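Chains as they are written, first to last, in the UniProt record's numbering: chain A, 1 to 596; chain B, 1 to 111. Note that CB positions come from ideal geometry on N, CA and C, so glycine has one too. Keep in mind it's a predicted model, so treat the numbers as computed, not measured.
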Amino acid sequence: MSSKINHHRINGQIPQPCPHLAEYRTRNGSKPFRALQECLRVKPLGRAAIRRDPSEVPRCGACGEAARSRLYACVTCAAVSCHSSDSPSPSHAAAHAVSMPPGHEIAVDVDRAELFCCACRDQVYDRDFDAAVVVAQTTASTLGGGSIRSSPPPENLRKRRRVDYRPWTPDLRERVLMTRNSSPLQRTEGADGANLSNLPWGLRGLNNLGNTCFMNSVLQALLHTPPLRNYFLSDRHNRYYCQQKNNASNASKRNAASNDSNSNKNLRLCLACDMDAMFSAVFSGDRTPYSPAKFLYSWWQHAANLASYEQQDAHEFFISMLDGIHEKMGKDKRKTQSQGNGECCIAHRVFSGILRSDVMCMACGFTSTTYDPCVDISLDLEPNQGVSTKMGSTKSHHSCNGEADSMNSSQNCGTSTLMGCLDRFTRPERLGSDQKFFCQQCQVRQESLKQMSIRKLPLVSCFHIKRFEHSSIRNMSRKVDRYLQFPFSLDMAPYLSSSILRSRFGNRIFSFDGDEPDASNELSSEFELFAVVTHTGKLDAGHYVTYLRLSNQWYKCDDAWITQVNENIVRAAQGYMMFYVQKMLYYKASEKPTPS
Amino acid sequence: MRPSVNRPPTPDARLDREKEPSVLEIINIKLIESGEKERLMELLRERLIECGWKDEMKALCRAFVKKKGRNNVTVDDLVHVIMPKGRASIPDSVKAELLQRIRTFLVSAAV
Ligand SMILES: [Zn+2]
Ligand SMILES: [Zn+2]
Ligand SMILES: [Zn+2]
Ligand SMILES: [Zn+2]
Ligand SMILES: [Zn+2]
Ligand SMILES: [Zn+2]
Numbered sequence: 001m002s003s004k005i006n007h008h009r010i011n012g013q014i015p016q017p018c019p020h021l022a023e024y025r026t027r028n029g030s031k032p033f034r035a036l037q038e039c040l041r042v043k044p045l046g047r048a049a050i051r052r053d054p055s056e057v058p059r060c061g062a063c064g065e066a067a068r069s070r071l072y073a074c075v076t077c078a079a080v081s082c083h084s085s086d087s088p089s090p091s092h093a094a095a096h097a098v099s100m101p102p103g104h105e106i107a108v109d110v111d112r113a114e115l116f117c118c119a120c121r122d123q124v125y126d127r128d129f130d131a132a133v134v135v136a137q138t139t140a141s142t143l144g145g146g147s148i149r150s151s152p153p154p155e156n157l158r159k160r161r162r163v164d165y166r167p168w169t170p171d172l173r174e175r176v177l178m179t180r181n182s183s184p185l186q187r188t189e190g191a192d193g194a195n196l197s198n199l200p201w202g203l204r205g206l207n208n209l210g211n212t213c214f215m216n217s218v219l220q221a222l223l224h225t226p227p228l229r230n231y232f233l234s235d236r237h238n239r240y241y242c243q244q245k246n247n248a249s250n251a252s253k254r255n256a257a258s259n260d261s262n263s264n265k266n267l268r269l270c271l272a273c274d275m276d277a278m279f280s281a282v283f284s285g286d287r288t289p290y291s292p293a294k295f296l297y298s299w300w301q302h303a304a305n306l307a308s309y310e311q312q313d314a315h316e317f318f319i320s321m322l323d324g325i326h327e328k329m330g331k332d333k334r335k336t337q338s339q340g341n342g343e344c345c346i347a348h349r350v351f352s353g354i355l356r357s358d359v360m361c362m363a364c365g366f367t368s369t370t371y372d373p374c375v376d377i378s379l380d381l382e383p384n385q386g387v388s389t390k391m392g393s394t395k396s397h398h399s400c401n402g403e404a405d406s407m408n409s410s411q412n413c414g415t416s417t418l419m420g421c422l423d424r425f426t427r428p429e430r431l432g433s434d435q436k437f438f439c440q441q442c443q444v445r446q447e448s449l450k451q452m453s454i455r456k457l458p459l460v461s462c463f464h465i466k467r468f469e470h471s472s473i474r475n476m477s478r479k480v481d482r483y484l485q486f487p488f489s490l491d492m493a494p495y496l497s498s499s500i501l502r503s504r505f506g507n508r509i510f511s512f513d514g515d516e517p518d519a520s521n522e523l524s525s526e527f528e529l530f531a532v533v534t535h536t537g538k539l540d541a542g543h544y545v546t547y548l549r550l551s552n553q554w555y556k557c558d559d560a561w562i563t564q565v566n567e568n569i570v571r572a573a574q575g576y577m578m579f580y581v582q583k584m585l586y587y588k589a590s591e592k593p594t595p596s
Numbered sequence: 001m002r003p004s005v006n007r008p009p010t011p012d013a014r015l016d017r018e019k020e021p022s023v024l025e026i027i028n029i030k031l032i033e034s035g036e037k038e039r040l041m042e043l044l045r046e047r048l049i050e051c052g053w054k055d056e057m058k059a060l061c062r063a064f065v066k067k068k069g070r071n072n073v074t075v076d077d078l079v080h081v082i083m084p085k086g087r088a089s090i091p092d093s094v095k096a097e098l099l100q101r102i103r104t105f106l107v108s109a110a111v
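Now the structure itself:
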């Protein structure tokens with residue numbers, strides 16, 4: 001039974017070479033596949049193949065077969081032989097391995113550039129060979145010519161990842177706390193009268209406090225971010241309790257150092273407490289617009305450098321307020337774990353994912369990998385259309401809620417899409433010769449390729465579209481008004497680290513395979529759109545508005561004004577920040593709340 | 001001058017038989033040289049994923065590996081086991097689409 005222990009990490013297991021491959025390697029020195037490397041060709045659609053010269057039509061040396069069977073080239077003598085798994089007699093490839101002296105067992109599939117052992121009748125894997133193929137493919141796809149990348153195919157049985165999210169039930173102490181500090185909810189009519197009471201629970205306008213639509217727009221999205229809302233509405237961060245605790249710790253601090261009165265104020269400052277107050281107010285049933293003045297004041301205190309009455313950037317506000325929540329609560333819990341692992345403050349538990357960046361040496365294929373936590377993904381708008389080199393599968397693999405699907409694929413050419421941005425984001429890019437990286441294997445600076453992918457998905461994905469371009473040279477900013485199409489349902493699987501490389505390069509092992517996360521880390525990669533922050537107008541005189549999807553109906557939140565809108569209005573809007581929640585959480589969230 | 005695509009060639013029985021390898025071979029070479037074979041393969045991959053064929057085969061493979069134990073299965077074993085089911089379960093619509101593409105190619109390439 002103990003021998004089974006290794007099998008728990010199947011996905012992390014690196015295939016061992018068969019004895020024939022191991023022997024071939026020892027016989028052929030440090031670069032066993034050098035000759036083969038020269039025959040590597042990248043086909044027009046980006047797949048690798050083995051051809052001695054580009055126009056060669058390989059055929060079996062024994063029977064002349066060229067089309068029906070798999071064709072293998074012996075890595076020792078380059079003889080091409082056919083092989084099929086279902087013939088009762090040994091195939092020509094197997095016969096070749098037997099008839100020659102030892103050393104002719106390993107062959108390469110001429111159309112897939114994958115290694116095969118004809119004696120073991122099994123696929124074999126070699127790190128150096130696979131690295132060479134990957135380098136050839138990425139080089140071909142980034143250096144003009146056939147710079148085509150078909151989008152990776154969807155895989156329904158793909159590996160799924162879990163972000164740690166545990167439902168919460170109050171314990172005895174918490175229940176006492178809740179009842180003591182609770183008051184019954186009442187529903188009062190808003191200014192517009194009766195029809196407002198049909199609005200979903202918690203939908204309440206936010207007053208503009210003087211150019212604060214940048215804040216209101218983001219707050220509306222956060223107030224209806226399902227896991228965040230659940231957290232605050234289930235009283236996980238009780239402002240009375242938090243302040244009490246702070247006062248106590250302040251008192252002890254005061255005794256220690258009574259000279260610093262400023263630190264007291266900072267300690268009492270807690271953005272999460274202000275969020276808690278806002279959630280209470282917004283979900284109280286009162287429909288009259290709410291003024292988040294207290295919150296704004298706290299945020300000013302927190303982000304002193306951003307405070308002013310001028311129009312701010314909604315994205316900067318989003319980042320700085322997540323920072324603010326983290327700073328306070330991270331300190332409280334004394335969590336030392338990195339923010340991406342799902343154990344941090346509520347802001348990071350909800351929004352934090354992990355990005356992975358691979359830098360690959362173009363000389364030897366050595367890959368250096370780094371992981372970075374992120375609370376959102378900033379995407380460049382695709383460059384002007386018309387120069388698009390994308391071919392291959394132009395069909396979108398993402399559905400936009402059924403009926404919109406056909407419209408979606410027919411418009412695909414010429415319109416920027418969120419998926420297009422994500423494709424670009426995860427596409428390998430060649431780093432300029434001015435930023436060569438030091439390859440540990442070559443021990444010199446080398447040209448390299450960089451590729452981003454998503455190692456861990458957050459519960460809620462925020463995509464920020466870089467519409468504001470800033471040139472530090474001219475100290476000028478400008479806004480890009482181009483339309484971007486975004487889907488209501490988004491499958492993030494193609495952008496996961498695990499899919500990205502494998503779907504492009506076939507069955508290979510990579511130098512990072514050993515540290516792939518284990519298979520227990522799985523959950524849905526399917527996301528649903530629930531909030532869009534839009535920006536209209538010019539850079540400095542613009543206006544932010546948020547569209548929210550609640551109970552499958554869209555609402556426009558324009559500061560104090562809430563209106564129900566048709567989904568086509570949302571689709572046509574100029575998205576600046578898009579908020580997607582993991583589908584399973586969304587479905588739970590969109591169930592009609594039962595007030596009683 | 002582009003040949004008319006509206007008039008498909010009469011179905012060539014020889015295509016489906018092994019009796020005339022030379023024609024098959026010529027077609028194969030034409031398909032490869034023009035890059036059409038690569039595009040057809042890509043189309044086929046996409047269609048087989050869309051219709052669930054790939055998932056079905058994957059499930060078959062998983063079941064077989066589970067039965068045999070993961071260290072006792074070779075790629076050849078897998079191919080041998082799923083080949084009959086795999087061949088039989090390719091939807092007719094996919095076959096028809098590919099056939100139509102090949103016909104169109106043959107007309108335009110004037111083989
Ligand atoms: Zn072997
Ligand atoms: Zn043969
Ligand atoms: Zn040989
Ligand atoms: Zn607090
Ligand atoms: Zn945190
Ligand atoms: Zn190197």
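Any heavy atom of ligand 4 inside 8 Å of the beta-carbon of Lys556 (chain A)?
False, no ligand heavy atom lies under 8 Å from that Cβ.
Let's test the definition: count the other Cβ atoms within 10 Å of the Cβ of Met321 (chain A) and tell me whether it reaches 16, buried, or not, exposed.
Buried is the call here.
Return yes when at least one heavy atom of ligand 2 lies under 8 Å from the C-beta of Ser91 (chain A), else no.
Under cutoff, so the answer is yes.
Who are the near neighbours of Val350 (chain A) in its chain, counting only those whose CB is closer than 8 Å to its CB and skipping five residues on each side?
Correct list, in chain order: Thr225, Pro227, Leu228, Tyr231, Pro458, Leu459, Val460.
Taking only beta-carbon atoms, is Val581 (chain A) less than 9 Å away from chain B?
False, the Cβ-Cβ gap to chain B never drops below 9 Å.
Once DSSP output is grouped into helix, strand and coil, what is the label at Ala272 (chain A)?
Reduced to three states, the DSSP call for Ala272 (chain A) is helix.
Have a look at Ala493 (chain A) and Glu526 (chain A) and give me their C-alpha separation to the nearest angstrom.
Straight-line Cα distance between these residues: approximately 8 Å.
Which residues share a DSSP beta bridge with Thr536 (chain A)?
In the DSSP output, where bridge partners are listed per residue, Thr536 (chain A) has A:His543.
Put Trp299 (chain A) into one of helix, strand or coil per three-state DSSP.
Helix, per DSSP.
Where does Val480 (chain A) land, buried or exposed, given buried means 16+ other C-beta within 10 angstroms?
It is exposed - the Cβ of Val480 (chain A) has fewer than 16 other Cβ atoms within 10 Å.
Kindly indicate if chain A contains any beta-carbon less than 9 Å away from that of Thr104 (chain B).
Thr104 (chain B) does not count as touching chain A.
Let me see if you follow: with CB-CB separation under 9 Å, is Leu24 (chain B) close to chain A or not?
Yes, its Cβ sits closer than 9 Å to a Cβ of chain A.
Report all residues from its chain with a CB closer than 8 Å to the CB of residue 597 (chain A); omit the five preceding and five following residues, and keep chain order.
There is simply no residue 597 (chain A) to check, as chain A begins at 1 and stops at 596 in what is shown.
Let me know if Trp299 (chain A) comes out buried or exposed under the rule of 16 or more other beta-carbons within 10 Å of its beta-carbon.
So Trp299 (chain A) ends up on the buried side.
Where does Val444 (chain A) sit, in a helix, a strand or coil, going by DSSP?
Reduced to three states, the DSSP call for Val444 (chain A) is strand.
Quick check: the Cα distance between Arg121 (chain A) and Arg70 (chain B), rounded to an integer number of angstroms?
If you take the alpha carbons of Arg121 (chain A) and Arg70 (chain B), they lie about 15 Å apart.
Taking 8 Å as the cut-off, does the CB of Val124 (chain A) come closer than this to any heavy atom belonging to ligand 1?
The answer is yes for Val124 (chain A).
Buried or exposed, going by whether 16 or more other CB atoms sit within 10 Å of the CB of Ser498 (chain A)?
With 16 or more other Cβ atoms within 10 Å, it is buried.
Output, in sequence order along the chain, the residues in the region 112-137 of chain A whose CB is closer than 8 Å to any CB in chain B.
Listed by position along the chain: Phe116, Cys120, Arg121, Asp122, Gln123.
Check Asp358 (chain A) in the structure and name its three-state DSSP category.
In this structure, Asp358 (chain A) counts as strand in the three-state DSSP scheme.
At a CB-CB cut-off below 7 Å, which residues of chain C make contact with Gly69 (chain B)?
No chain C appears in this structure, whose protein chains are A and B.
Mark His237 (chain A) as exposed unless 16 or more other C-beta atoms lie within 10 angstroms of its C-beta, in which case mark it buried.
When all chains shown are included, His237 (chain A) counts as buried.
Does DSSP put Lys450 (chain A) in a helix, a strand or coil?
Lys450 (chain A): strand per DSSP, three-state reduction.
How would the residue list near ligand 3 read, in chain order, if you kept each one whose beta-carbon is closer than 7 Å to any heavy atom?
Taken from the N-terminal end onward, the list reads A:Cys74, A:Thr76, A:Cys77, A:Ala79, A:His96, A:Met100, A:His104.
Check whether the Cβ of Cys273 (chain A) sits closer than 8 Å to any heavy atom of ligand 5, and report yes or no.
Flag unset: Cβ of Cys273 (chain A) not near ligand 5.
Just to make sure I have the definition right: I need the residues of chain B whose C-beta is within less than 8 Å of the C-beta of Lys456 (chain A). Which are they?
None at all; the shortest Cβ gap to chain B is about 24 Å.
Quick one: any contact between the region 89-107 of chain A and the region 116-133 of chain A, if contact means 3 or more CB pairs under 8 Å?
Result yes; three or more Cβ-Cβ pairs closer than 8 Å.
Determine the burial state of Asn247 (chain A): buried for a count of at least 16 other Cβ atoms within 10 Å of its Cβ, exposed for fewer.
Exposed: under 16 other Cβ atoms inside 10 Å.
Determine, for Val75 (chain B), whether the minimum Cβ-Cβ distance to residues of chain A falls below 9 Å.
Cβ-Cβ to chain A under 9 Å: yes for Val75 (chain B).
Apart from the five residues just before and just after Thr415 (chain A), which ones in its own chain have a Cβ nearer than 6 Å to its Cβ?
Counting only Cβ-Cβ distances below 6 Å, and skipping sequence neighbours, we find Gln485.
For Val94 (chain B), collect the residues of the same chain with a Cβ closer than 6 Å to its Cβ; drop the 5 residues on either side in sequence, then sort them by chain order.
These residues qualify, in order along the chain: Arg47.
Closest by CA to Phe33 (chain A), which one among A:Val108, A:Val80, A:Glu429, A:Ser81?
Per the Cα distances, A:Val108.
Less than 9 Å between the beta carbons of Arg51 (chain A) and Arg41 (chain A), yes or no?
In this structure, Arg41 (chain A) lies closer than 9 Å to Arg51 (chain A) by Cβ.
Would you say Asp323 (chain A) faces chain B, with C-beta separation under 9 Å as the test?
Chain B, which has no Cβ nearer than 9 Å to the Cβ of Asp323 (chain A), makes this no.
What residues match up with Glu469 (chain A) in a beta bridge as DSSP calls it?
DSSP output for Glu469 (chain A) lists A:Arg478 as bridge partner(s).
Of all the CB atoms in chain B, is at least one closer than 9 Å to the CB of Gly514 (chain A)?
Caution is warranted here: a pLDDT of 43 is assigned to Gly514 (chain A), below 50, making its placement in the model unreliable, and no coordinate value can be reported.
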